[in-house]
Ligand SMILES: C[S@@+](CC[C@H](N)C(=O)[O-])C[C@H]1O[C@@H](n2cnc3c(N)ncnc32)[C@H](O)[C@@H]1O
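In the numbering used here, the protein residues as written are 189 to 691.
Have a look at this one:
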């Protein structure tokens, strides 16, 4: 049995979540890991086991990113992840692992490069970021099959340093740099003080120089017409332009629907705009078309695709649609919850049965371990996990207003006359008493909630009787009554599978 530890970017104190037997994985299940990808890769993903890995890690942008939820015309927002790096004990330990060649994981070039970069850059946020990526890329190289491919999505903030790192990890041991793909888009990046920033960079490497999957047909795109020449249509309805062969001087038909291998700058895939159907409100969500090209070109049906920073699951959703097996990892429960919801919405609830979830609290003890973590960020993760799990990933998460810390969940349901009613979900980490219940009752009154649910560790008959003194919500549609104040324990959620029953 091995132990899963997870970390947050800004406060990465370890929280022991659950014990998972790594030999328990079945070959055809998809796997979704909640936790730090370094720990997950090291503990659970065997050498030479993955066909394709795409990652879209934070870009070192020094920003926090927020998940936006549409809430009947208003937007709710809550922090999704942070991209702020500091030189701390984790960075020091990570750099030592590289310089000391921990478990023989690093090439001599990687060690020399990081030693050089630490002199040039000094021990600050950029080096902390590069150390973190180097540790993970070395693991990704290990777990790729000998004919596997790797795509790292970044932008010009640190892309030039990342290319040095990938060269040092891949090339000295038989790997190869294939392309620097420039993904151009038209949205965002404008400024009056510099040129508009309109592209991301995707660095493409293979573990072997010659033997790797590259499906030519899927790498092909339609030709672009030359804007100075007339587009003609032949008898079969195909569009072409008339061109002159430079060698022979003869005219020939240049058919626009005939594919050619795409060049390394991609202008035919746009970023998602606010109105896009695909959009889930997740910051930095990538378009499915982008992942579709990468997955189709560099893998085949049945292959294993890994996204170690999976966010809202774009890679995983496309891999599922294209009949690939997949592995996703993310450090925040909000992402894990969004992935589950996205897959269920796109492929039906049966798809959930094929997913092995690893790293989430499995019992009361591991839930307590997360809830009592020293790090504020980890404790908030506990609250998000509890609310999202109990609400079947339906709750909208929002930061509590005023002096209260923490977060709460909101679930809406329709009343008889089409009006919206609100259920508020809150989590209490300590023991509760009658005063807490009175406070919760105030929430019902002040926030005009129809029902308030308190997720707790313990409840007893006195507390349950007291909750009933606050009255009931009668639903005129399903003709059921619901206590206005409800208590549900972590044990009920985990062991009895108790889930929110909304009117
Ligand atoms: C740029 S987003 C990825 C977006 C994704 N490509 C999509 O289309 O939704 C980066 C993600 O990496 C996650 N992340 C950051 N550090 C991580 C770590 N050490 N382990 C696992 N996930 C991490 C963040 O929570 C965030 O969801």
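Think of the CB as a built atom: it goes at the ideal place given N, C-alpha and C, for glycine as much as any other residue.
message = Quick check: the Cα distance between residue 527 and residue 500, rounded to an integer number of angstroms?
response = Taking the chain shown and counting its residues from 1, one reaches residue 527 at position 339. Taking the chain shown and counting its residues from 1, one reaches residue 500 at position 312. Taking the straight line joining both Cα atoms gives about 5 Å.
query = Expressed to the nearest angstrom, what Euclidean distance is found between the alpha-carbon atoms of residue 315 and residue 482?
reply = Along the chain shown, one-based indexing puts residue 315 at 127. Along the chain shown, one-based indexing puts residue 482 at 294. Their backbone Cα atoms lie some 29 Å apart in a straight line.
query = Does any heavy atom of ligand 1 sit closer than 7 Å to the C-beta of residue 572?
reply = Counted from its first residue, the chain shown places residue 572 at position 384. Result no, Cβ not under 7 Å from ligand 1.
task = Report the residue from 588, 606, 584 and 300 whose alpha carbon sits nearest the alpha carbon of residue 599.
result = By one-based count along the chain shown, residue 599 stands at place 411. Answer by Cα proximity: 584.
inquiry  = Under DSSP, the beta strand (DSSP E) around residue 674 begins and ends at which residues?
reply    = Mapped onto the chain shown, residue 674 falls at position 486. Element bounds for residue 674: 673 to 677.
inquiry  = With distance defined between alpha-carbon atoms, name the residue in 650, 648 and 654 nearest to residue 628.
reply    = Residue numbering aside, residue 628 sits at position 440 when the chain shown is read from its first letter. Comparing Cα-Cα distances from residue 628 to each of 650, 648 and 654, the minimum goes to 654.
query = If you follow the beta strand (DSSP E) that residue 398 is part of, which residue opens it and which one closes it?
reply = Working through the chain shown from its first residue, we reach residue 398 at position 210. Segment: none, residue 398 is in no beta strand (DSSP E) and carries neither H nor E.
task = Determine, using beta-carbon pairs with one atom in the region 357 to 367 and one in the region 391 to 402, whether at least three such pairs fall under 8 Å.
result = yes
task = Return the chain-ordered list of same chain residues with a C-beta closer than 8 Å to the C-beta of residue 538, the five sequence neighbours on each side being excluded.
result = Taking the first residue of the chain shown as 1, we reach residue 538 at position 350. Counting only residues of its own chain and dropping the five nearest sequence neighbours on each side, residue 538 has no CB closer than 8 Å to any other CB.
message = Measuring only from the beta carbon, is residue 226 closer than 7 Å to any heavy atom that is part of ligand 1?
response = On the chain shown, residue 226 is found 38 positions in, with the first residue counted as 1. Residue 226: yes, Cβ under 7 Å from ligand 1.
query = Cβ-heavy atom distance between residue 470 and ligand 1 below 7 Å?
reply = Taking the chain shown and counting its residues from 1, the one referred to as residue 470 is at position 282. Flag set: Cβ of residue 470 near ligand 1.
Three-way DSSP call (helix, strand, coil) for residue 373 in this model = Along the chain shown, read from residue 1 onward, the residue named residue 373 stands at position 185. Of the three classes helix, strand and coil, the one that applies to residue 373 here is coil, per DSSP.
key: Cβ-Cβ distance between residue 445 and residue 420 below 8 Å   = For the purposes of this step, residue 445 is identified with residue 257 of the chain shown, where counting begins at 1. For the purposes of this step, residue 420 is identified with residue 232 of the chain shown, where counting begins at 1. No; because the gap between Cβ atoms is not below 8 Å, this pair is not in contact.
ask   = How big is the Cα-Cα spacing for residue 588 and residue 646?
value = In the chain shown, residue 588 corresponds to position 400, counting from 1. In the chain shown, residue 646 corresponds to position 458, counting from 1. Approximately 23 Å, taken between the alpha carbons.
ask   = What do you reckon, are the CB atoms on residue 511 and residue 489 nearer than 8 Å?
value = Along the chain shown, read from residue 1 onward, the residue named residue 511 stands at position 323. Along the chain shown, read from residue 1 onward, the residue named residue 489 stands at position 301. Contact: yes.
Residue 214 versus residue 543 - alpha carbon distance = Position 26 of the chain shown, counting from 1, holds the residue named residue 214. Position 355 of the chain shown, counting from 1, holds the residue named residue 543. Caution is warranted here: a pLDDT of 45 is assigned to residue 214, below 50, making its placement in the model unreliable, and the coordinate value is therefore given only provisionally. About 10 Å.
task = In the DSSP assignment, find the alpha helix (DSSP H) that holds residue 539 and state where it starts and stops.
result = Position 351 of the chain shown, counted from the start, is the residue given in the question as residue 539. 538 to 541 is the extent of the alpha helix (DSSP H) around residue 539.
request  = Could you have a look at residue 688 and say whether DSSP puts it in helix, strand or coil?
outcome  = Looking up residue 688 in the chain shown gives position 500. Correct three-state label for residue 688: coil.
ask   = So what does residue 221 bridge to, in DSSP terms?
value = What you label residue 221 is simply residue 33 of the chain shown in a count that begins at 1. Bridge partners of residue 221: 517 and 546.
Simplified DSSP assignment, three categories, for residue 645 = Taking the chain shown and counting its residues from 1, one reaches residue 645 at position 457. Three-state DSSP puts residue 645 in coil, outside helix and strand.
ask   = Over what stretch of residues does the beta strand (DSSP E) that includes residue 294 continue unbroken?
value = As a working note, residue 294 is residue 106 in the chain shown. It is not in any beta strand (DSSP E) - residue 294 carries neither H nor E in the DSSP assignment.
request  = Would you list the residues sitting across from residue 596 in a DSSP beta bridge?
outcome  = Counting from 1 along the chain shown, the entry for residue 596 is found at position 408. Beta-bridge pairing links residue 596 to 586.
key: Selection from 323, 643 and 637 that minimises the alpha carbon distance to residue 660   = Here the question's residue 660 lines up with position 472 in the chain shown. Taking only the C-alpha atoms, the option nearest residue 660 is 637.
ask   = Quick one, are the C-beta atoms of residue 642 and residue 675 less than 8 Å apart?
value = For the purposes of this step, residue 642 is identified with residue 454 of the chain shown, where counting begins at 1. For the purposes of this step, residue 675 is identified with residue 487 of the chain shown, where counting begins at 1. Closer than 8 Å, so yes.
message = Does the beta-carbon of residue 280, which I'm using as the reference point, lie nearer than 7 Å to any heavy atom of ligand 1?
response = The residue labelled residue 280 in the question sits at position 92 within the chain shown. For residue 280, the shortest C-beta to heavy atom distance toward ligand 1 is 7 Å or greater.
request  = Could you say if the region 438 to 452 and the region 339 to 357 meet the contact criterion of at least three C-beta pairs nearer than 8 Å?
outcome  = No: the two stretches stay apart, fewer than three of their Cβ pairs being nearer than 8 Å.
key: Cα-Cα separation between residue 271 and residue 303, rounded to whole angstroms   = Position 83 of the chain shown, counting from 1, holds the residue named residue 271. Position 115 of the chain shown, counting from 1, holds the residue named residue 303. Cα to Cα, the separation comes out at about 24 Å.
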